[in-house]
């Protein structure tokens, strides 16, 4: 993946820039020693690495504003970073950038149970937001697989979802307001503690904007009462298509489970070997979980089992107790780790209309066969967010390139089916060139015009989201106009 | 309420403009006879009236685009209109404008139960969206009181809520995508049929933008499975403050009713006289409704009754059967009509944090006493959307002005309490001058900069939303720059 050449004028002013940053922050919050900046050279898309000019670790919104003012003044690109768990290279540095890490900004600023909200600094991890309120019976709903590590800042940047977003929505449905610092260093408040905030809804534009428009330092999040209980049911089928049709029928029937997870044979096999969850030997597995009181769970699972039976399942097993429920989930939750033990893989992230599931699964298998590669499917089926894993052998020359080509074909298939390139991982550097498949030039132009408004110098999170040639042309034009 | 002087250059070109509009539409879709344009002289804020230059009633998005191209070319202001039910004057014409009414655009374009969505033309009424899917067991959640008449176009413009939005959210939470025509006549698609649409979320900016940014002609709406059943409970208290505290405790406890409606004594008395709902003679009444299976309803109502009892209610009555449930609701739903039989009133619409409810209710009573006026409160308490009714006698000179002054004070109180000027009725012309209380000049400037992008000539829905002097200055400046 090509990155732009670093700006030599910035590199030559490195010491002066670092000196100015030290003027804004405590001594231990500015990292410029090359041995230490290496820690920020990549995120979870580890194939691409580049150490930044420097990294800063502010503790307050005001410190973030001070840093951004300096960088704006010096014309230095800034790459915001949460916990560095991006699978799309969303926090990949350039050699001439300052990494602005929010990892030390972890405070809970306010909990308000009467208004059902929590306000946190955005360096706080996803799971520790729930941690702050669970003793009082509440939780924060979006639950990406990386929730132990990932920061709210990154969740907002990528509009993250998770296994339970079928019922509770993704980040944008649970985000009430933010404090954001613009590239100029101005502190702005967007949204607030209400269902219906005053003024134009600019909050929505920020959520999912991948650090292109500003640095979100504080967030007001909706918290929900913990359900009384939850219970999963395991349903096995003889083909992906039948399992897909069952998912489609469950949604159509109007039942609203909290999660419908889908695994196909390659994935089932790996997970079973890894987690001993007692999965049946079949082509496709669904884990469907419902929540509520015991009576409600019984009722909903009754309906779901009735629909499942109509599709002639190989296996249909309701969790008898908490232990079995945990084992059913353990297999699914360890899927990525389990796959990694036996294969190299690329994890894709696209969305499709739920109704297209059977057709898309069939077509993915055909595409994979054309490349002589295997694809394992494990994903949130209920909301159409797919995570196909393309398996390959990194030691065989040319296999990575082949896998990447197949990945691009699958994402184009998602777009063609009426879906989109990314569900929750973001575009980052990984999918920037595919944006031209999703959007025509006028659409891309409109999105870049929005960036022009928030970040006229194109200094925030460079070389991401937009096709590189397009965004570099834009950046140069803006520079020339200054 | 002052309106800008009509542009005499436009008035003098009236015949030529009408002629060009006739070139875009069938003969019966262009209304220019003054006897007929009178039908469009006001919306539900009937105190202000002004017949438009002409009115057009297109049937398709393409016809809307053709009309807007002509108006853009001629520099004629356009006022989009749904069903004309705005309580804030959101569809009030100017004498030099073309009313663009979507009332004939009522088609259902697509229903898709597997993806749980419906796509409609936006002239369709709110209730008839549910009408199109209810036989199949689905419904469209937002339910403004005017749902029999109001159009989806207006719901989107004002981001409407309704009695049930505590559980299901307001329009923005149920809107998946729109087809919009810009003032230049360009047709754009925003959002789509997914939880997580690709690209920047510009859809959020459109929802609630009161016809300032474009004309929304088609909408993709989320539909939900109809719950098995619902049951209300009626709770009476000896004071507004105690009822407010009970609401706050229900929310805090994590129960999620579909509705918590609040009525105070003046309102209870009027509704009881009108609807014979069997309401007790007390200071404050709550109607709390929960949904689900019988078992779930029993369980949730059990919790709610427990909380209610802790506040020592005057009355606590669960609906015994469907008939009683309907009678409980009949009183609430006829509240506005019942009040109108015995008083003139102004209906306000502000939001506050739920936790501030008791304090705000006390302060409203104090403010009203200061003006020697009575305020009746009936509103969606669960989500903090208040609708105080200021009662006055229109036949007494000066009472309307006094009532309007009290209304402004109450809305300022909402802002001061951390809420906002409008929950679901919008700013329109009614509250445009109060925008300066909610926002400082820089905030207003930012919102107007967004309008600059979508509608550079400031032709769409003039004299609304922004304080008149500010928006007129902006409009003149843009005209001069052309």
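Residue numbers (the working numbering), protein chains in the order written: chain B, 243 to 724; chain W, 243 to 724. Glycine included, C-beta positions come from ideal geometry on N, C-alpha and C.
According to the DSSP assignment, residue 696 (chain W) belongs to the alpha helix (DSSP H) that extends over 683-696.
It is roughly 19 Å from the alpha-carbon of residue 501 (chain B) to the alpha-carbon of residue 483 (chain B). Note on geometry: alpha-carbon atoms of residue 272 (chain W) and residue 283 (chain W) lie some 16 Å from one another. Neighbours of residue 451 (chain B) in chain W, taken as residues at a C-beta separation under 7 Å, are given in chain order as 442. Each of B:557, B:553 and B:488 was checked against the Cα of residue 597 (chain B), and the nearest Cα belongs to B:488. One thing to note: residue 450 (chain B) has its Cβ no nearer than 8 Å to the Cβ of residue 446 (chain W). Those residues of the stretch 462-484 of chain W placed with their C-beta closer than 8 Å to a C-beta in chain B are 466, 467 and 468, ordered along the chain.
Distance from the CA atom of residue 653 (chain W) to the CA atom of residue 676 (chain W), rounded to whole angstroms, is 8 Å. Along the length of the stretch 641-685 of chain W, whole beta strand (DSSP E) runs at least 3 residues long do not occur. When C-beta distances to chain W are compared with 9 Å, the residues of the stretch 535-563 of chain B below that value are 535, 536, 537, 538, 540, 541 and 542, in chain order. Beyond the five residues adjoining it in sequence on each side, residue 678 (chain W) comes within less than 6 Å, by CB distance, of 709 in the same chain, given in chain order. In this structure, residue 364 (chain B) keeps its C-beta atom at 8 Å or more from the C-beta atom of residue 341 (chain B). By the 16-neighbour rule on beta-carbons within 10 angstroms, residue 396 (chain B) is buried. For residue 597 (chain W), the chain B residues whose Cβ falls inside 8 Å of its Cβ are 354, 356 and 357, in order along the chain. The beta carbon of residue 292 (chain B) lies closer than 8 Å to those of 245, 283, 284, 334, 335, 336 and 337 in the same chain, with the five residues before and after it left out.
Among the residues of the stretch 273-306 of chain B, none has a Cβ less than 8 Å away from any Cβ of chain W.
In this structure, residue 669 (chain B) places its C-beta atom within 8 Å of the C-beta atom of residue 330 (chain B). From the beta-carbon of residue 643 (chain B), no residue of chain W is found nearer than 8 Å; the closest lies around 26 Å away. Judged by DSSP in its simplified three-state form, residue 474 (chain W) adopts strand. Annotation for residue 522 (chain B): 478, 556 and 557 place their beta carbon closer than 7 Å to its own, counting only its chain and skipping 5 residues before and after. Fewer than three pairs of CB atoms, one per stretch, sit closer than 8 Å, so the stretch 633-649 of chain W makes no contact with the stretch 250-264 of chain W. Close CB contacts of residue 379 (chain B) within its chain, under the 7 Å cut and outside five residues either way in sequence, are with 467 and 468 (chain order). Residues of the stretch 663-686 of chain B with a C-beta atom less than 8 Å from some C-beta of chain W are 663, 664, 665, 666, 680, 681 and 685, listed in chain order. Its Cα nearest to that of residue 704 (chain B), the residue B:452 stands out among B:367, B:353 and B:452.
For residue 276 (chain B), the enclosing alpha helix (DSSP H) begins and ends at 276-279.
Restricting attention to W:632, W:474, W:639 and W:550, the CA atom closest to the CA of residue 566 (chain W) is found in W:474. In this structure, the beta-carbon distance from residue 314 (chain W) to residue 426 (chain W) falls below 8 Å. When beta bridges are read from the DSSP output, residue 505 (chain B) appears opposite B:527 and B:620. Residue state for residue 291 (chain B) is assigned as coil, using DSSP reduced to three classes. Restricting attention to B:714, B:723 and B:719, the CA atom closest to the CA of residue 247 (chain B) is found in B:714. Per DSSP, the continuous beta strand (DSSP E) segment holding residue 589 (chain W) begins and ends at 586-589.
Looking at B:259, B:374 and B:462, the one whose alpha-carbon comes closest to that of residue 417 (chain B) is B:462. Under the three-state reduction of DSSP, residue 600 (chain W) is assigned to helix. Residue contact check for residue 389 (chain W) against chain B: no CB pair falls below 8 Å.
Just so you know, the alpha carbons of residue 588 (chain W) and residue 662 (chain W) end up roughly 18 Å apart. As a beta-bridge residue in DSSP terms, residue 322 (chain W) pairs with W:342.
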